[in-house]
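Colleague: Numbering (my numbering), first residue to last: 74 to 385.
Submitted below is the structure of interest, expressed as structure tokens.
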Amino acid sequence: MSDKNSDVEKSIRTDTQVVLPILGCLKAAEEFLGTCDGWARVIRRVVWTPSNEKQEQFLKRFLEAKAIVDSLGDNLKRKADRDVSVINAWLKENGFDIQLEQVGGKSFAVASILDVLVEWVNEGTVTQIINDNGTYQAVKIKSENDGVQMYANNTAHPFPVVRVVTKSGDLVFMSVLDSMPDDTFAITDKVDKIRDLTKGSPSYEHFDGVIFPMVDYDRRVDISWIEGMATGNSTDDWSVGQAVQQTMFRMNEKGARAKSAVGMTFRGLSLSKNNWIRIDKPFILWIERPGVDLPLFTGVFAEDVWNTPKCL
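Encoded structure:
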């Protein structure tokens with residue numbers, strides 16, 4: 074393998090972007106606010122209101138997809154309750170470690186769990202993949218009976234896209250990546266681009282099948298960008314206080330399983346507002362002295378120096 078290809082591989086890091094359980098949480102919050110006994114019901118239609126640019130992008134791109142939440146049945150479950158501990162227990166019962174912190178005052182919590190299990194139509198055999206970084210357990214599946222198909226368009230994407238058919242009818246697509254930008258929705262952008270290749274007919278060029286690595290992935294995903302998004306602008310509206318996500322993906326010679334859970338807490342908008350200024354990103358600082366035109370000291374400080382000093 075050339076040095077150029079090695080550099081490309083190093084620039085791509087493992088990550089996931091699973092939007093459906095986020096949408097499941099928003100749906101659970103809407104339903105809870107409309108039906109919770111003892112609270113004033115939200116008669117008006119909830120209008121999700123962004124508080125930052127990433128939330129604005131999310132709502133513009135994904136909010137309409139909330140309509141498919143109910144169609145997924147048990148593959149996308151959701152739950153809401155006034156008591157955070159009830160939601161935490163539900164997440165734990167379903168095999169997730171993420172937990173929401175207790176919230177005081179008028180508040181509630183929601184969670185949504187995506188769980189999709191697929192089995193290959195043509196079961197694979199165990200093999201190995203060897204690259205410059207080591208030797209890895211892998212799966213080999215033959216292309217017989219259209220269980221594996223290939224799409225190729227070197228102009229749009231430099232690597233073939235493989236489609237693996239499952240017993241449930243779900244389709245699993247895979248392709249090598251050449252690069253991946255560092256952006257909140259970069260994975261979705263890349264998938265959208267590659268999916269366009271698979272809308273036409275498969276390539277009828279002969280190939281024996283596909284070999285791909287087994288995967289065992291379990292990570293907590295940072296979705297703090299959605300915190301602060303509100304159901305509207307009135308004082309009786311609600312905003313996302315906490316947002317946590319855990320995603321698991323496992324794949325072997327028999328099939329694959331994708332699981333992802335999102336938990337959120339909501340607080341009344343009037344309670345969410347306070348006078349605290351949070352300096353939680355890299356910041357600039359300077360020191361002035363009366364009568365001295367120039368600052369005595371200036372600096373910009375990022376997370377790499379956010380430590381407790383031994384002395385002043």
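Ideal Cβ placement from N, Cα and C applies to all residues, glycine included.
Only a predicted model underlies this, so the values are computations on that prediction, with no experimental measurement involved.
Would you please state the rounded distance, in angstroms, between the beta carbons of Ala184 and Val335? I believe it to be under 8 angstroms.
Modeller: Indeed, because the Cβ distance is near 7 angstroms, the residues count as touching under 8 angstroms.
Colleague: Can you tell me the Cα-Cα spacing of Lys150 and Ile141, whole angstroms?
Modeller: Using only the alpha carbons, I get a separation of about 12 angstroms.
Colleague: Using only CA atoms, which one of Val176, Gly178 and Ile186 lies nearest to Gly168?
Modeller: Closest by alpha carbon: Ile186.
Colleague: Here's a check: name, in chain order, each residue in its chain whose Cβ is nearer than 6 angstroms to the Cβ of Gly111, leaving out the five neighbours to either side.
Modeller: For Gly111, the predicted model reports a pLDDT of 47, less than 50, meaning its position is unreliable; a value from the coordinates is still stated below. Contacts found: none.
Colleague: Closest to Lys139 by C-alpha separation, out of Ser248, Val92, Glu126 and Asp170, would be which residue?
Modeller: Nearest C-alpha to Lys139: Val92.
Colleague: What is the rounded straight-line gap between the Cα of Phe181 and the Cα of Thr261?
Modeller: If I take the Cα positions, the gap works out to 30 angstroms.
Colleague: Given Thr239, which residues of its chain have a CB within under 7 angstroms of its CB, disregarding the five upstream and five downstream residues?
Modeller: Correct list, in chain order: Val191, Glu192, Trp193, Val194, Val245 and Gly328.
Colleague: What is the rounded straight-line gap between the Cα of Thr87 and the Cα of Asp291?
Modeller: Answer to the nearest angstrom: the Cα atoms are 11 angstroms apart.
Colleague: So, Pro275 versus Gln222, is the Cβ gap smaller than 9 angstroms?
Modeller: In this structure, Gln222 lies closer than 9 angstroms to Pro275 by Cβ.
Colleague: Going along the chain, which unbroken runs of the beta strand (DSSP E) with 3 or more residues stay wholly within the segment 222 to 264?
Modeller: Fully enclosed beta strand (DSSP E) runs of 3 or longer: 230 to 238 and 244 to 247.
Colleague: Here's a check: name, in chain order, each residue in its chain whose Cβ is nearer than 8 angstroms to the Cβ of Thr89, leaving out the five neighbours to either side.
Modeller: Cβ neighbours of Thr89 beyond the five flanking positions: Ile260, Tyr290, Arg292, Val294, Thr320, Phe322 and Ser333.
Colleague: At the level of alpha carbons, what is the spacing between Ser216 and Pro94?
Modeller: Going from the Cα of Ser216 to the Cα of Pro94 covers about 33 angstroms.
Colleague: Please tell me whether Val317 and Ile296 are closer than 9 angstroms, where the distance is taken between their beta carbons.
Modeller: In this structure, Ile296 lies closer than 9 angstroms to Val317 by Cβ.
Colleague: Just the Cα atoms here: how many angstroms apart are Gly146 and Lys100?
Modeller: Gly146 and Lys100: Cα-Cα distance of roughly 14 angstroms.
Colleague: Please report the straight-line C-alpha distance between Gly386 and Pro355, rounded to a whole angstrom.
Modeller: Residue 386 falls outside the range modelled here, since the chain spans only 74 to 385, and no answer is possible.
Colleague: Terminal residues of the continuous alpha helix (DSSP H) containing Phe131?
Modeller: Where Phe131 is concerned, the enclosing alpha helix (DSSP H) stretches over Glu126 to Phe135.
Colleague: Going by beta-carbon coordinates alone, are Val234 and Ser252 separated by less than 9 angstroms?
Modeller: No, they are not a contact pair.
Colleague: Excluding the five sequence neighbours on either side, which residues of its own chain have a C-beta within less than 7 angstroms of the C-beta of Lys389, listed in chain order?
Modeller: In this structure the chain extends from 74 to 385, so residue 389 is not present and cannot be described.
Colleague: In three-state DSSP terms, what is Asp80?
Modeller: With a pLDDT of only 42 at Asp80, under 50, the local geometry of the prediction cannot be trusted, and the value read off the model is given with reservation. Reduced to three states, the DSSP call for Asp80 is helix.
Colleague: Identify whether Thr271 lies in helix, strand or coil by the three-state DSSP scheme.
Modeller: Note: Thr271 maps to helix in three-state DSSP.
Colleague: Sort Gln210, Asp205, Ala102 and Val189 by Cα distance to Val199 and report the nearest one.
Modeller: Selected option, being the one with the closest Cα: Gln210.
Colleague: Please return the same chain residues whose Cβ sits closer than 8 angstroms to the Cβ of Val176, not counting the five positions on each side in sequence.
Modeller: The residues are Val157, Ala182, Gly314, Gln315, Thr338 and Arg340.
Colleague: Check the Cβ-Cβ distances between Thr208 and every residue of chain B, and say whether any is below 9 angstroms.
Modeller: The structure shown contains no chain B; it is built from a single protein chain.
Colleague: Quick check on Asp88: does DSSP put it in helix, strand or coil?
Modeller: Of the three classes helix, strand and coil, the one that applies to Asp88 here is coil, per DSSP.
Colleague: Return the first residue and the last residue of the beta strand (DSSP E) that Glu192 is part of.
Modeller: Note, Glu192: beta strand (DSSP E), Ser180 to Glu192.
Colleague: Have a look at Val120 and Ser144 and give me their C-alpha separation to the nearest angstrom.
Modeller: Roughly 22 angstroms separates the two Cα atoms.
Colleague: Which residues in the same chain as Val380 place their Cβ atom closer than 6 angstroms to its Cβ, once the five residues preceding and following it in sequence are excluded?
Modeller: For the sequence presented, residue 380 should be read as Asn rather than Val. Once the five neighbours on either side are set aside, Asn380 has no close Cβ partner at all.
Colleague: Quick one: give me the first and last residue of the alpha helix (DSSP H) that Phe105 is part of.
Modeller: Looking at the DSSP string, the run of the alpha helix (DSSP H) that includes Phe105 is Leu93 to Thr108.
Colleague: Can you find the residues in the same chain that come closer than 7 angstroms, C-beta to C-beta, to Ala375, ignoring five residues on each side of it along the sequence?
Modeller: The residues are Pro355.
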